[in-house]
Structures are given as C-alpha cells and as structure tokens.
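To start, the structure under review is shown below, and the notes come after it.
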Amino acid sequence: MPGIENVVNCHRAVIDRTREWTGMSSSSRPIWQPFVQLSLAFALSGGFLVGGALFAARSLGVPAGSWWTSAGQAHGHIQLVGWAGLMVFGVGFHFLPRLRGVSLASPHLTRPVLALLTIGLLLRVLIQPAFAAGTGGPITGILAITLVLSGLFELAGATLAIAILVRTLRQHAVQKKRVDQGPVFAFFLVAFVSFWLALAVNAIGLVLASSNATGTLSPEMDSLTVDFALYGFLIPVAVAMSSRTFPLYFQTFPPRNRLLVAGLAVLMIGLGLRIAGDLASAPWAGGTGRVALASAIILFCTGLGIFGKRRQLPRKTVQPLSDPLQLHAITAYGWLAIAAAVLMLEGLGMLGLPAPALTPDAERHAIGAGFVTILILGVGAHLLPGFARLPLRSRKLTWGTLLLGNLAALLRVAPVLFASHGFGTLPAAILAGAGLAGVIAIALFAVNIHGGRTRPEPTARDSSPAKSSPA
C-alpha cells in the first residue's frame, strides 16, 4: 500500500540521518580505520623518519644542541603515542566491544578523540624542537603556550577514549555472545590507566619545560613518561592481544592464564619499584624493580607459549619457521626477551653484583622498535584486513616487513648495546639506517593491508559482533 510504503521510507530516512549524525552511516569509514591510517602517517613522518634524520645529521657533523635533545624526545613521543598508541586505540574500539559481546558506547565521540590526539601530537613534533632552538622575543611565549597545549590536548583525548571504553565494558553483555575472556580485561585496565598516567606526567613535564624556557623535559619526567608507556601500557596490551590471537592465527596452545596473571602482578610491582627507585635515587629499589620487570617478561613468554610447539591442524602441517607472519611474532618476542636480559643485567648491576654497564636506550628500543613494531607488523597483517573484510595485497610483502622490521631494530639496538663509549660517526650512520629501514617496513605494511580486492559482503548472520570477532 502506498501509505504504508511512505511511512517505511520515512522511517528508513530517519534511521539513515541518525546514523549519519553519529558517524554510523553505511558509507562512512569504520571507526578503527582513521586511527590506523594516522598511526601509519605518524610512524612514517615524526617517528622513523625523524629518528633516522636526527642521527643522519649527527653523522654529517651538524652541531647537536638542545634542539637535538628536544627533537629526540618529540620523536620518541610520536613513536609511543602516535604510532603505537593510535594503533592500539583504533584496534581497541573495534576489538573490545566484540570481545565483550556489546556495541561500542558513543561511537560519535571517537572523532573528537582522534582530533584531540592528532592535534596534540602535531603540535608536539613541530613546536618542541623550535622552542628549544630559542628564537627569543614574543614568539617564545607563544611557543611555550602551544607546547603546553599539545600535552593538554593529548591528555583530553586519552581521557575521552578511556571513558568510551569504560562505558562500553560496563554494558550488560548478551550471554550467548560473550566470549571466554580470561584475564584480558585486567591487562587492558592496567594498560589504559598507565596510558593516562603517562600522558598526565607528559603534560606536567611540558608545563615545567615551558616555564623554565628550555623546551626539553627533564630526564626524570621523560623517563617516567616512557616507563608508564612501555611497561604499563604497551606490554600489557600486547600480551592481552597475543593471548587472544596467537592460538587462533599462530596455532599456539591456549595461554596459561595463571602465569599471565602472575606476570602482570610482578610487572606492576617491578614498575612501581623502578619508578620509586629512580625518583628517590635508591639503587636497591631501582635494581629490584628491573629484575622484577625482567621476571614478568619471562612469565609472559612462558604463559603465551610463543617459543613452544604448535597445535597441528587437520590436513595441514603447521611450520612456524617457514611462515613469515609466525616469524613476526616469534622475533617480536625474541626482542622482548633481549630487553628482559638487558633489564636483568641493569638490575643486577644496580644491586652491586658484577654485570656489564648498559644504557636504558638499548632496553627501550628493544621493546619499542623490536617488540612492539614487529608485533604490529605481524598481528596487524592478520587483524586489519579482517576488520575491513579485505585480503592482504601479497603474502610475499610480509617477508619484506619481517626482514626490514628486524633490520631496523637490529641497527637501532646493536650499536647502543655494544658501543663502549659515545656515538661516533659510524654508529650514528648505522642508527640513521635504522630509521630508513623502519620507514620502508611501515610503507610496505601500509600498502599490504590496504591493497587487496574486496571480499563479498557478509550475511546478517556472519556480521554479528561475536561471530565476526577475531577473539
């Protein structure tokens, strides 16, 4: 009947307009996609490119003043929050609701989250080196205010993002769609609280850096931010995601949750002792904290079974050493094990036991450039095309990201780990090569996850949250 048809059409128009206002229209991009795209953009620019350029400048003899230190801090912040942080929140907005069996709360608020974080990161990487260079005059005050605003924008974006996820996870899950979650949410709770604390410390550090007209965070504030981001945020998120995806994609045996929970407890104790020891100049606390962090990593690797045997599938032999995506995960956790060894030696040395003197730079980049980046390149090649219902452009390209990602980590960690003193011309040139290898690896990854042909649209049954979830 015409009258009923008009009512139905009107009703559909209202629904379409509502979805458009809330960012849920069928023609709009998925929520996770712009987060991932901006994550890749930051990695290719302020992350690996700037990091390589800084060491290229040193190898060419460019004087390294306060601007160099500030640019290095901005580069590290972009890697932690821009490259890894945006990637984690983009995936989290898609993954966590499906793991819980609910819909994402207030999806339209993810746009302000992305805007606040992006503006803050852009201001940070552009303003901090300029402020530290010291032009003088009225422009200095403007740069100081802008630098403080960069930290406040990021903190506001993180606060809003965590509020969205908390509201999402507090929803009542449909029992039949609920997935066996294990300790995953405990890891995510620690991770998101640590991320907020990292950005809160970062904002305070920028206020202090602006007030004393240096533009450079104090070593204590910079280290505190990095410790919260690496050990409180990225490692717990990575372990939580690994516990869900490794049995599915890499045929590992189910995780040993008791070891993972024990590892999380030891990690939190170790992080607290390390921070307290470093701030109070108490070597016994700092050393004990580092030993505890190394022990937590060992528990995580054992609980996940990434270096162990694989479950054999029917009519398919699982050969992890011939699968590039399996090798991404194995080598990523290999770099985490190297970081654990460095932590253990650092801790033993601080406790007065005989151990070689090592710099925290090797430990940080073994985790950031090695563990986190290579894990994203491997697991992301599984997850992100699945989110978009697209295949990889080419499985052969994953060999490129594997080799170049590990090369970037090796060139970044080895010169620092084995250098007996300073940065000479050759080590600086090698470190510059690490940035170039990282840029190419990220570029290949970006091409690979966006280049496949469209798959057929799923049916209504296949598109339910629980059944379309990689969890």
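Residue numbers (my numbering): 38 to 508. Note that beta-carbon positions come from the ideal geometry of N, C-alpha and C, so glycine has one too.
Candidates the options: which alpha carbon is nearest residue i's?
i: leucine 141; options: Arg204, Leu151 and Met381; result: Arg204
i: arginine 137; options: Gly102, Ile182, Ser107 and Leu206; result: Leu206
i: alanine 480; options: Leu86, Ser318, Glu257 and Ala181; result: Leu86
i: alanine 195; options: Ala235, His365 and Gly171; result: Ala235
i: proline 292; options: Arg347, Ile306 and Thr262; result: Arg347
i: asparagine 249; options: Pro391, Thr177 and Ser431; result: Thr177
i: leucine 154; options: Ala374, Phe72 and Val484; result: Phe72
i: alanine 152; options: Ala466, Ala198 and Leu412; result: Ala198
i: methionine 258; options: Pro220, Leu97, Ala317 and Ile241; result: Ile241
i: phenylalanine 22; options: Leu350, Ile335 and Arg352; result: Residue 22 lies beyond the range of the chain shown here (38 to 508); nothing can be said about it.
i: arginine 311; options: Thr262, Thr410 and Leu414; result: Thr262
i: alanine 108; options: Phe190, Thr396, Leu158 and Ala478; result: Leu158
i: arginine 161; options: Phe283, Pro144, Thr435 and Leu189; result: Leu189
i: glycine 470; options: Leu77, Ala78, Arg95 and Ser76; result: Arg95
i: phenylalanine 265; options: Val276, Ala237, Ser280 and Phe283; result: Ala237
i: valine 227; options: Val303, Ile156 and Arg281; result: Val303
i: lysine 512; options: Ala445, Leu362, Ile367 and Gly423; result: In the structure as shown, the chain starts at 38 and stops at 508, and residue 512 therefore has no counterpart that could be examined.
i: alanine 78; options: Trp372, Gly122, Arg66 and Pro67; result: Gly122
Taking the alpha helix (DSSP H) that residue i belongs to, which residues open and close that run?
i: arginine 430; result: Here arginine 430 belongs to no alpha helix (DSSP H), and DSSP marks it neither H nor E.
i: proline 273; result: 272–286
i: valine 328; result: 320–341
i: threonine 205; result: 175–206
i: glycine 242; result: 221–248
i: isoleucine 367; result: 361–387
i: glutamine 74; result: 69–79
i: glycine 309; result: 294–317
i: threonine 253; result: First-last for threonine 253: undefined, no H or E at that position.
i: histidine 112; result: 103–114
i: alanine 170; result: 147–170
i: leucine 86; result: 85–96
i: histidine 402; result: 397–402
i: glycine 407; result: Neither: glycine 407 is in no alpha helix (DSSP H) and is coded neither H nor E.
i: alanine 134; result: Note on identity: in this sequence residue 134 is proline, with alanine being the wrong assignment. Residues 123–137.
To which residues of the same chain is residue i closer than 6 Å at the C-beta, ignoring the five residues directly before and after it?
i: valine 185; result: Leu243, Val244 and Ser247
i: threonine 339; result: Leu296
i: phenylalanine 513; result: Since the first residue shown for the chain is 38 and the last is 508, residue 513 is missing from the structure and cannot be characterised.
i: alanine 170; result: Trp104
i: methionine 387; result: Pro320, Gly323 and Gly324
i: glycine 309; result: none
i: leucine 358; result: none
i: alanine 34; result: There is simply no residue 34 to check, as the chain begins at 38 and stops at 508 in what is shown.
By DSSP's criteria, residue i is part of a beta bridge. Which residues make up the other side?
i: threonine 289; result: Arg347
Got a sec? Which residues, its chain only, sit under 7 Å from residue i by beta carbon, not counting five neighbours each side?
i: leucine 468; result: Phe92, Leu448, Arg449 and Pro452
i: threonine 396; result: Val453
i: alanine 377; result: Ala331, Ile334 and Ile335
i: leucine 2; result: The first residue shown for the chain is 38 and the last is 508, placing residue 2 beyond what the model contains.
Using only the heavy atoms of the ligand NAD, determine whether one of them is closer than 7 Å to the beta carbon of residue i.
i: glycine 138; result: Among the components modelled here there is no ligand, and therefore nothing to report on the ligand NAD.
By Cβ distance below 8 Å, which residues in the same chain neighbour residue i in space, the five residues on each side in sequence not counted?
i: methionine 278; result: Val128, Phe132 and Val416
i: alanine 111; result: Gly83, Val87, Arg161, Val162, Gln165 and Pro166
i: histidine 365; result: Ile411, Leu412, Leu414, Gly415, Val416, Ala418, Thr435, Thr438, Leu439 and Gly442
Determine the burial state of residue i: buried for a count of at least 16 other Cβ atoms within 10 Å of its Cβ, exposed for fewer.
i: alanine 394; result: exposed
i: valine 99; result: exposed
i: leucine 406; result: Looking at the sequence shown, residue 406 is not leucine but alanine. Buried, since its Cβ has 16 or more Cβ neighbours within 10 Å.
i: isoleucine 182; result: exposed
i: proline 273; result: buried
i: proline 175; result: exposed
i: serine 64; result: With a pLDDT of 42 at serine 64, under the threshold of 50, the predicted position of this residue should be treated as unreliable, and no value is reported.
i: glutamine 165; result: buried
i: asparagine 485; result: buried
i: leucine 316; result: exposed
i: serine 187; result: buried
i: arginine 135; result: buried
i: histidine 209; result: exposed
i: histidine 114; result: buried
Determine, using beta carbons only, whether residue i comes closer than 8 Å to chain B.
i: lysine 346; result: Chain labels in this structure do not include chain B; a single protein chain is all it has.
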